[in-house]
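Asker:
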Amino acid sequence: MTELILHHYAFSPFSEKVRVALGLKGLSWRSVDIAAAPPRPLLSPLTGGYRRVPVLQIGADIYCDTTIILPTLERLHPTPSLYPAGCEGVARGLSFAWDRAMWVPTIGILSHFIGDQIPPEFIKDRKEGYLGFDMSKAAMAPELHLHRQRVAAQYAWLKTALADGRGYIFGDAPSALDLTCYHTIFLLRKNCPAEVDAMAIHGPLIPWFERVSAIGHGRPDAMSAEDAFATARDAKPAPVTHLAPDGDPGGLRAGCPVTVTPDDNARVPVSGTLVAASDSEVVILRRDPEVGDLHIHFPRLGFDVVAA
Ligand SMILES: N[C@@H](CCC(=O)N[C@@H](CS)C(=O)NCC(=O)O)C(=O)O
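Its first residue numbered 247, the sequence shown is counted upward by one per residue in the numbering used here.
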């Protein structure tokens, strides 16, 4: 069971990071278009309650968070690489830092341009179940000047990296770091009027953005949520051969009941039994009465794993 199934929605920038990774690798994949807000009754049983998007499914193996989805695509489909020129360590570290530093300020700028068009129920969902704050234009306006500073300070190093006219951050080939820096700018350029460029996105960022965008999304083929659910139900989780059962840096052993919880937002603990772990990934077994056994994979960066 190797079909790649991506649960995502079109305007989700973190999903765009994965769509472009699938494009960079020239892969065929199944596309499950999900609601932009819960309830997502056919996805929640697969993730054990993890609510964020995107989610990658391969049979009964579920990958939550782009920080594990991209390395998994690399492990299963190594060429062309998401980590050219030996950049894997730096790309992984800076990608995490970029997402953490940029997400809230980027939402601040988005909200300045389109916050008053966002439906109240969406703002309520994001406040109560995800961000923990009100993303309406009125609520975010007092800190717009800070969001602009923070975004500009991050764009500054990206512009410096691209200033010599190179195609991508590490040279001639795109990397996971390009895709990460691209996806927050994708959110702004896709949804805001053209003035957003004048406010925030200048110089070498524009041709670089167009180059990353031109990579495309590979070969998506629509799949229903029902078919994806049935695929998980009819499959068995793949044996974990790339991690050791006793590889948890905190000493948790395979078979131990654990919870895995994001440490930034949407902090819903996912419960299961530890299958295997490393300092980069943790896999838990979840037994669902309707879907059966699942292996749920999380990155270690940005997640807390504790004995239940
Ligand atoms: N660290 C996560 C962040 C994912 C994330 O925040 N995704 C947004 C959509 S772009 C989300 O889940 N929003 C709330 C939702 O869709 O329910 C990752 O890299 O996958």
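The C-beta atom is built at its ideal place from N, Cα and C for all residues, glycine as well.
Whose C-beta lies closer than 7 Å to the C-beta of P330 among residues of the same chain, with five residues either side of it excluded?
Answerer: To locate residue 330, count along the sequence shown from 1; it is residue 84. F416, A419 and S421, listed in sequence order.
Asker: With 16 other CB atoms within 10 Å as the buried threshold, where does A446 fall?
Answerer: Here residue 446 corresponds to residue number 200 of the sequence shown, with the count starting at 1. It counts as buried.
Asker: Closest by CA to T519, which one among I542, P287, P535 and A512?
Answerer: Here residue 519 is taken as the residue at index 273 of the sequence shown, counted from 1. Proximity to T519 across I542, P287, P535 and A512 peaks at I542, based on C-alpha coordinates.
Asker: For ligand 1, is there any heavy atom lying closer than 7 Å to the beta carbon of R265?
Answerer: Along the sequence shown, one-based indexing puts residue 265 at 19. No, ligand 1 has no heavy atom inside 7 Å of this Cβ.
Asker: Can you check whether the CB of S341 is closer than 8 Å to the CB of D467?
Answerer: The residue given as residue 467 occupies position 221 in the sequence shown. The residue given as residue 341 occupies position 95 in the sequence shown. With a cutoff of 8 Å on beta-carbon distance, D467 and S341 are scored as not near each other.
Asker: Grab the span of the beta strand (DSSP E) containing G538 for me, first residue to last.
Answerer: As a working mapping, residue 538 is identified with position 292 in the sequence shown. Its beta strand (DSSP E) spans residues G538 to P545.
Asker: Given 7 Å as the limit, tell me if P495 has its C-beta closer than that to any heavy atom belonging to ligand 1.
Answerer: Taking the first residue of the sequence shown as 1, we reach residue 495 at position 249. Because no heavy atom of ligand 1 lies under 7 Å away, the Cβ of P495 does not count as near it: no.
Asker: When you compare only the Cα positions, how much space is there between H393 and Q400?
Answerer: Counting from one through the sequence shown, the residue named residue 393 turns up at place 147. Counting from one through the sequence shown, the residue named residue 400 turns up at place 154. Roughly 11 Å separates the two Cα atoms.
Asker: With a threshold of 16 other CB atoms inside 10 Å of the CB of A267, please say whether the residue is buried or exposed.
Answerer: For the purposes of this step, residue 267 is taken as the residue at position 21 of the sequence shown. A267 comes out buried.
Asker: Quick check on F549: does DSSP put it in helix, strand or coil?
Answerer: On the sequence shown, residue 549 is found 303 positions in, with the first residue counted as 1. Looking at F549 - three-state DSSP - the assignment turns out to be strand.
Asker: Pull up the distance between the alpha-carbon of I364 and that of H358, whole angstroms please.
Answerer: Taking the first residue of the sequence shown as 1, we reach residue 364 at position 118. Taking the first residue of the sequence shown as 1, we reach residue 358 at position 112. Annotation: I364 to H358 spans about 11 Å, alpha carbon to alpha carbon.
Asker: Any chance the CB of V299 is under 7 Å from a heavy atom of ligand 1?
Answerer: What you label residue 299 is simply residue 53 of the sequence shown in a count that begins at 1. Within the cutoff, so yes.
Asker: Helix, strand or coil: which one does DSSP assign to I431?
Answerer: Numbered from its first residue, the sequence shown carries residue 431 at position 185. Residue state, collapsed to three classes: helix.
Asker: Taking only the alpha-carbon atoms, compute the straight-line gap between D443 and A554 and give it to the nearest angstrom.
Answerer: As a position in the sequence shown, residue 443 is number 197, starting the count at 1. As a position in the sequence shown, residue 554 is number 308, starting the count at 1. Each residue's Cα considered, the two are about 47 Å apart.
Asker: Measure from the C-beta of G269 to each C-beta in chain C and report whether the shortest distance is under 8 Å.
Answerer: The structure shown contains no chain C, having only a single protein chain.
Asker: Going by C-alpha distance, which of G411, L356, S517 and A478 is nearest G449?
Answerer: One-based indexing of the sequence shown puts residue 449 at position 203. Per the Cα distances, G411.
Asker: Ligand 1 and G548: does any heavy atom of the ligand fall closer than 7 Å to the residue's C-beta?
Answerer: Locating residue 548 in the sequence shown gives position 302, where the first residue counts as 1. Yes.
Asker: Just to confirm my understanding: we take L270, look at its own chain, exclude 5 residues before and 5 after, and list those with CB closer than 7 Å. What are they?
Answerer: Position 24 of the sequence shown, counted from the first residue, corresponds to residue 270. If we look at L270 and ignore the five residues flanking it on each side, its Cβ neighbours are P326, L328, P420 and I461.
Asker: Quick one: is Q395 buried, meaning 16 or more other Cβ sit within 10 Å of its Cβ, or exposed?
Answerer: Within the sequence shown, residue 395 is the residue found at index 149, counting from 1. Q395 should be labelled exposed.
Asker: At which residues does the beta strand (DSSP E) containing T507 begin and terminate?
Answerer: Walking along the sequence shown from the start, residue 507 turns up at place 261. Note, T507: beta strand (DSSP E), P503 to P508.
Asker: Are I308 and L319 close, meaning C-beta to C-beta below 8 Å?
Answerer: Counted from its first residue, the sequence shown places residue 308 at position 62. Counted from its first residue, the sequence shown places residue 319 at position 73. No. Outside cutoff.
Asker: Taking 7 Å as the cut-off, is the beta-carbon of D509 closer than that to any non-hydrogen atom of ligand 1?
Answerer: Against the sequence shown, residue 509 aligns to sequence position 263. Not under cutoff, so the answer is no.
Asker: Tell me, which residues are paired with C310 by DSSP?
Answerer: Stepping through the sequence shown from its first residue, residue 310 is reached at position 64. Per DSSP, V301.
Asker: In chain order, what are the residue ranges of uninterrupted alpha helix (DSSP H) at least 4 long that sit wholly in the segment 418–486?
Answerer: 422–437, 441–446, 451–459 and 471–480
Asker: Ordered along the chain, which non-local residues of its own chain (more than five positions away) have a Cβ less than 6 Å from that of S382?
Answerer: Position 136 of the sequence shown, counted from the start, is the residue given in the question as residue 382. Correct list, in chain order: G361 and I369.
Asker: From C427 to R457, what distance separates their C-alpha atoms?
Answerer: Here residue 427 is taken as the residue at index 181 of the sequence shown, counted from 1. Here residue 457 is taken as the residue at index 211 of the sequence shown, counted from 1. Answer to the nearest angstrom: the Cα atoms are 13 Å apart.
Asker: Is the segment 482–498 touching the segment 506–523, taking contact as three or more C-beta pairs under 8 Å?
Answerer: yes
Asker: So within the segment 268–292, which uninterrupted beta strand (DSSP E) runs reach at least 3 residues, ignoring any that extend past its ends?
Answerer: 274–279
Asker: Along the chain, where does the alpha helix (DSSP H) containing A407 start, and where does it finish?
Answerer: Position 161 of the sequence shown holds residue 407. Counting along the chain, the alpha helix (DSSP H) containing A407 begins and ends at L390 to L408.
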